[in-house]
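These protein sequences, in sequence, are chains A and B.
In case it helps, numbering that gives the first Met the number 0 puts the first sequence at residues 0 to 107.
In case it helps, numbering that gives the first Met the number 0 puts the second sequence at residues 0 to 107.
For every residue, glycine included, the Cβ atom is placed at its ideal position computed from N, Cα and C.
Here the structure is a predicted model, which means the values were calculated and not measured.
Number of protein chains: 2
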Amino acid sequence: MKICGSIWIEGKKTTYMGVGRMLLLEKINKSGSISEAAKKMKMSYKKAWELVDGMNNESKKPLVIRVSGGKGGGGTIVTKEGMAALKQFKKILTDFHKFCDKKTKVLK
Amino acid sequence: MKICGSIWIEGKKTTYMGVGRMLLLEKINKSGSISEAAKKMKMSYKKAWELVDGMNNESKKPLVIRVSGGKGGGGTIVTKEGMAALKQFKKILTDFHKFCDKKTKVLK
DNA sequence: TTCCGTTATTTTTTAGTGTATATAACGGTA
DNA sequence: TACCGTTATATACACTAAAAAATAACGGAA
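Here's what the structure looks like:
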C-alpha cells in the first residue's frame, strides 16, 4: 500500500503548470524547438503546441517565446519567467512527494 | 492561480482507496445496495461494481459484503474494515487539502 | 413453482481525446 | 526569387474508455 497522487497549478481557464508541462518546458529549453521537444516526449506536435499556448495564455508574461520563419525555420525559447515557473513548480512537487512518503509510512 | 491535486492509496494491482471509492462506500453504507449507490453517484452499475470488487481484492479482509438473491433481491453492506478504511482515507484527504491551501498561499 | 430486486457478466453503443495527415504561414538566407 | 525547417491550423481517422443495454444468476418468500 502506498499513497500516490498528482498535483498541478490551475489557472483561470485551464492548467497553468503540471508534470507534463514541466517536462515539455525542460525539453524545449534544451532543444529550442517545440517540434523537437514533442518528438522527445513522444507527443504529437499539436498537443505540445496546445500545452505551450495554454501556459502562455494563463501567464501575464509568456513562459516561452515562439518564432516562426527565419533562420533555421524558427524556434522557441523558454523565458526567464518560464524558468522561474519551472523552479517554482519543482519545489511544490518535491514537497508533495515528501508529503506522500510521510503519509505512506503512517499508513499500514 | 491555485494548487490543485488528487490523492489515493495504491494497492498491489489497482487503486485501493480514492475519492470516488470513498463517496461510493458512503452511499453503499447508507442505502445497503450497490445499484442504489451507483444511481446516487450517477455512475453505471458496472463501474460501481468494478470499484467495489477492486477494493475487496486489494484488501485482506473485505470492505464490503455482497449478497445476491434472497430477501429483497440481495444487497451489500460495508464491513467494520470498510468503515475504518473510510476514516483512514478521510484523514489523509483533509491533510492533503491543507497542504494544497498552504501551497496556494505561498504561490503569490 | 413463480416472483422479486439485487448482484454478476457480456455485448453493444457512444463520446471524447489524441494522433496522423495535410497545408498554410513565416522570415531569414543564399 | 527559391529554399528551408519551424510554427500555426484545420480536418479526418483511430483508439480508448465509459456508459448503456441486455441477459444471466441468485435465493428467500409467497
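For chain A, check one thing: does any of its Cβ atoms lie closer than 8 Å to the Cβ of Lys-60(B)?
What you label residue 60(B) is simply residue 61 of the second sequence in a count that begins at 1. No, its Cβ sits nowhere closer than 8 Å to a Cβ of chain A.
Could you tell me whether the stretch 46-63 of chain A touches the stretch 6-16 of chain A, where touching means 3 or more Cβ pairs closer than 8 Å?
yes
Which same chain residues end up closer than 7 Å to Thr-93(A) when comparing Cβ atoms and leaving out the 5 residues on each side of it in sequence?
Here residue 93(A) is taken as the residue at index 94 of the first sequence, counted from 1. So no residue of the chain qualifies.
Tell me whether Lys-89(B) sits in a helix, a strand or coil according to DSSP, three-state version.
Position 90 of the second sequence, counted from the start, is the residue given in the question as residue 89(B). Lys-89(B) falls in the helix class under three-state DSSP.
When the Cα atoms are used, what is the spatial distance from Lys-86(A) to Val-63(A)?
Residue numbering aside, residue 86(A) sits at position 87 when the first sequence is read from its first letter. Residue numbering aside, residue 63(A) sits at position 64 when the first sequence is read from its first letter. Taking the straight line from one Cα to the other gives about 15 Å.
Among Lys-45(B), Ile-33(B), Ile-91(B), Ser-30(B), the one whose alpha carbon lies nearest that of Lys-1(A):
Against the first sequence, residue 1(A) aligns to sequence position 2. Closest by alpha carbon: Ile-91(B).
Among Trp-7(A), Glu-25(A), Lys-70(A), nearest to Lys-39(A) - alpha-carbon criterion
Here residue 39(A) corresponds to residue number 40 of the first sequence, with the count starting at 1. Cα-wise, what sits closest to Lys-39(A) is Glu-25(A).
Contacts around Cys-3(A), its chain only, beta-carbon distance under 8 Å, and the 5 residues preceding and following it disregarded
For this step, residue 3(A) is matched to residue 4 along the first sequence. The residues are Cys-99.
Go to Gly-19(B), then tell me how far its alpha helix (DSSP H) extends in each direction, as first and last residue.
Within the second sequence, the letter at position 20 stands for residue 19(B). Run containing Gly-19(B): 18-30, per the alpha helix (DSSP H) assignment.
How would you list, in chain order, the residues of chain A whose beta-carbon sits under 7 Å from the beta-carbon of Gly-10(B)?
The count along the second sequence starts at 1 and reaches residue 10(B) at position 11. Neighbours of Gly-10(B) in chain A, taken as residues whose beta carbon is under 7 Å from its own, are Met-0 in chain order.
Could you pull out every unbroken beta strand (DSSP E) segment of at least 3 residues lying fully inside the stretch 35-79 of chain B, listed in chain order?
63-67, 73-77
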